[in-house]
Structure formats: C-alpha cells, structure tokens
Amino acid sequence: MDPVFTELNKERDLLKEIQTDLQGQVDEAIHLLVEIYNAAKPFHSDILNKNEAVHIDIDVYNMNETSSCISHKPFCERLPESSIDLQTWENISYQTIENAENVIEKADDLLHRLHNSLHKAINRMSSKASQVDNELRRRIHDTLRALRENEYQIKSTENERDEHLKDIKGLEDAILAKKESLKLAETRLEKRHDRSGNENIRDAPHLSLLGELSSQRNCINMLEEKLTKSRSILNNLVQQIVQLQHDTQQKRNSLQIYEEIHNIRKRLDYTTNTTSHMSSYPMIPNGIKREPVVF
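Take a look at the structure:
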C-alpha cells in the first residue's frame, strides 16, 4: 500500500479519536453548564429576597409613632408558614454556597482537562501532520526521480528504435538488391538453355550460375531472417516506449495529485490556526467583576 495513503488513514483515525474525546468533554461541559445554571438560581432568588428584606427592614427601622401606617395588628405575633429559624437559614445559605463551590470546582477541573486535551491534541496532530508531510515530500521526490529515469529510458529506447529502423531500411534495401541480382542470375541461366545442339551443356559457366543462384538465395534467406528478428525487436521497442509513456503519464498524474495535496495541507495548516485560537483563551478565567452594593 502507498505509504502516503497509509499515513493519511492514520491521520484520519487520529482525528476521529481526538474528535470523539473532545466531543465527550464538550458534552460534559454542556451538562456542567446546566448544573452551574441550577446552582446560580438560588443565589438570584436569595438576592431578590434579601433586597426585599433589606427594604422592609429599612421601612420598619424608619417607622415611628407618627407614621401613617401605624395601627393595631392583632395577629402580628403569628408565625407565617414559610418562616424558618436562624439555624435553618444559615444551613440553607451554607448549602447553597457549598453546592456552588462544588460546581465551580468541577468546572475548574473540566476547564483544565479541556485545555490539556486541546494542547495534547495539537501536539498529536502536529506530530502526525509532520509524518504525513514527510511521506508526501519523500513520495514527490521519488516520483520526480522515477519520472527522470522514465524520460531517460524513453529517449534511449527511441534512439535504439531509430537505429533499428535504419538497420531495417538497410536490410530491406539489401534484400531488394539481392533479389535483383537473383533475377539476373536466373535470367542468365534461363537464357543459356536456348543454346542448341551439343552446345547445351552443363559447363563451367552453367555450374557457376547455379552456385551464384544458391548463394544469392542463401543470402536473401539470411537477410530476411535478420529482417524478421529486427522487426520483432522493433515491435518490442515500440511496446516498451508505449508502456514507458503510459507509466510516465501515470507518474505525472500522481505527482500532480501529491503536489495538490501538499499545497492544500500548507494552506490548511490547522496547527498554526489552532495555536492562535488557543492563545486567545486564558487558562484561568478572569471571572465576573462584582458591582458595589448601594443601600
């Protein structure tokens, strides 16, 4: 399997693992936000009640015998159903504070875990991205080297093909010349058959022409055999050139894809973007500024 493809699959699996882990902590944070909201509700209610109680106590403190609202209240000593003693009031306040402190402690722990998880995720993704980029660069380098080798082989094979084409042309010309010589020898021998009487004999010229015919035919057969071999070699060279050109085109397509992937990863360098976003979020929140209370 392609090492780049293997590393990309590993990077994808790592991103899924990190996403699952961070999503779990985000879900936990959402539930914790609900707890924080529920823990804050008693404070809002207590603040409203305490403000109202303060205003009532101020009004009571400011009353005197000449106040317009003074009158007999026959049931003023009754205890309202919602009234509680001081100890219960303190216990409720302490319990509200304790619940809030527990939630704040959980939130602080979750905040630290989130930041640690984010930094750990960035380090893991950066390491894996470096491995993928290294494999991409190595693959691009190997592909470029293979392309140069293919182009050299194509050029060498084409030169060899051209040499064989010249050899084939020379063999074809030689065969044509030998066939013309063969025709001449056959014609001479045939013409000698026209001699009449005792002159139609197998003399030395006759035997010489027979030897010439045999030599010409053997030479033509040898040249045709060489021509057949040269044409077979030429066909093999042409097939090699076609295969090399096809392989070269595939490597060029692969190189283009690898370079596009490399450029896309450079444009989408998430490690730099994530680090810049992380720097804008402090490890410890600043909290809420408390406004002064005015009576």
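Position 144 of the sequence shown, counting from 1, maps to 144 under UniProt numbering, and the rest follow consecutively. Where a beta carbon is used, it is the ideal one built from N, C-alpha and C, also for glycine.
Non-local beta-carbon contacts of residue 245 in its own chain, meaning distances under 8 angstroms to residues more than five positions away in sequence, involve 154 in chain order. The continuous stretches of alpha helix (DSSP H) do not include residue 64, and DSSP gives it neither H nor E. Residue 29 has its alpha-carbon roughly 55 angstroms from the corresponding atom of residue 74. Selection 68, 203, 177 evaluated against residue 189 yields 203 as nearest (Cα-Cα).
If you draw a 10 Å sphere on the C-beta of residue 216, you find 16 or more other C-beta atoms in it, and that means buried.
Cα atoms of residue 14 and residue 148: separation of roughly 36 angstroms, rounded to the nearest angstrom.
Within the model, the alpha-carbon separation for residue 179 versus residue 206 is close to 20 angstroms. Taken through DSSP and simplified to helix, strand or coil, residue 2 comes out as coil. Using a C-beta cut-off of 8 angstroms, the segment 114-132 makes no contact with the segment 243-260, since fewer than three inter-stretch Cβ pairs fall below that distance. Between residue 230 and the set 166, 122, 82, the nearest pair of CA atoms involves 166.
Cβ contact annotation for residue 36 (same chain, cutoff 7 angstroms, sequence separation greater than five): 103, 107, in chain order.
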